[in-house]
Amino acid sequence: MHSPGLDDSELLRRARVDASAFAALYPDRHLSALRDERLEASAHATTWIAGAAGKQPRDAVGGRTWLVGGHRVTGFTAADGSFCFRFAGRAGGCLAKPGLTPARPVDVMSDNGPGTLRVYGLAMDGVTAVSLRARGVTRRAAMGRNAFYLGANALGSRKGFAGTLIVRYGDGTTRLVSLRIGGYERRTPKLPPRLPGLVPVGDTAA
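Each number in the numbering used here corresponds to the 1-based position in the sequence shown with 19 added.
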């Protein structure tokens with residue numbers, strides 16, 4: 020149905036503007052898990068993340084939680100349009116606009132130390148597999164909706180090292196993402212991080 024006084028070209032232009040505005044406002048447009056009402060998170064889980072991140076959810080029922088490789092991921096879209104999340108017992112943060120895009124299909128974090136290596140994060144819709152190639156071997160991560168998790172303790176070490184994430188899409192194409200895994204840092208119990216258990220994404224991604 021046409022609006023009075025608008026021709027087809029103007030309607031098309033406005034539709035494109037509306038779509039661009041939606042994309043700019045909501046980084047979760049490529050995270051279908053956040054639109055699945057069956058994954059509604061508890062108020063306690065989202066309240067903890069909101070307090071640690073210093074951001075409030077956009078709405079009261081928008082929090083989502085799901086499992087990937089036996090590890091729980093919880094997140095919500097904040098009032099400012101960013102997506103705040105946490106892997107239980109691991110790191111998390113707030114993914115700023117525009118969020119995940121075809122040019123940046125994954126957001127990656129890692130924990131590395133002697134006998135311990137974990138590589139995990141978020142993946143946009145359409146990503147069906149994520150693998151880590153490092154130190155001459157390739158290991159495939161577990162996938163769960165819009166998240167991936169890899170435990171490869173045999174590759175852990177005190178020193179950092181370079182790796183490559185192989186991101187595979189449903190159509191069979193792949194994208195290679197360079198990754199720098201940081202070295203082991205001994206933490207002093209007397210000096211906890213400013214946001215315990217929730218590290219800004221910008222500080223944790225390679």
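For every residue, glycine included, the Cβ atom is placed at its ideal position computed from N, Cα and C.
Nothing here was measured: the structure is a model prediction, and the numbers come from that model.
Comparing C-alpha positions only, which one of the options sits nearest to residue i?
| i | options | result |
| --- | --- | --- |
| A64 | V92, S197, G73 | V92 |
| G201 | L195, T192, A181, Y188 | A181 |
| R159 | Y139, N165, G175 | Y139 |
| D190 | A153, A148, V125, L198 | A148 |
| R109 | L169, T193, R48 | L169 |
With burial defined as no fewer than 16 other Cβ atoms inside 10 Å of the residue's Cβ, what is the status of residue i: buried or exposed?
| i | result |
| --- | --- |
| V80 | exposed |
| T120 | exposed |
| T96 | buried |
| R105 | buried |
| V125 | buried |
| A72 | buried |
| M142 | Met is not the amino acid found at residue 142; the sequence shown has Ala there. Classification for A142: buried. |
In whole angstroms, give me the CA-to-CA distance for residue i and residue j.
| i | j | result |
| --- | --- | --- |
| R137 | R77 | 30 Å |
| P133 | A161 | 22 Å |
| Y203 | R177 | 5 Å |
| G82 | E59 | 6 Å |
| L195 | G111 | 23 Å |
Would you list the one or two residues that DSSP bridges to residue i?
| i | result |
| --- | --- |
| L114 | F102 |
| E59 | R83 |
| L151 | R158, L184 |
| N165 | Per DSSP, none; premise fails for N165. |
Assuming the contact rule is C-beta atoms closer than 8 Å, residue i and residue j should be a hit. Round their C-beta distance to whole Å, please.
| i | j | result |
| --- | --- | --- |
| L50 | D144 | 7 Å |
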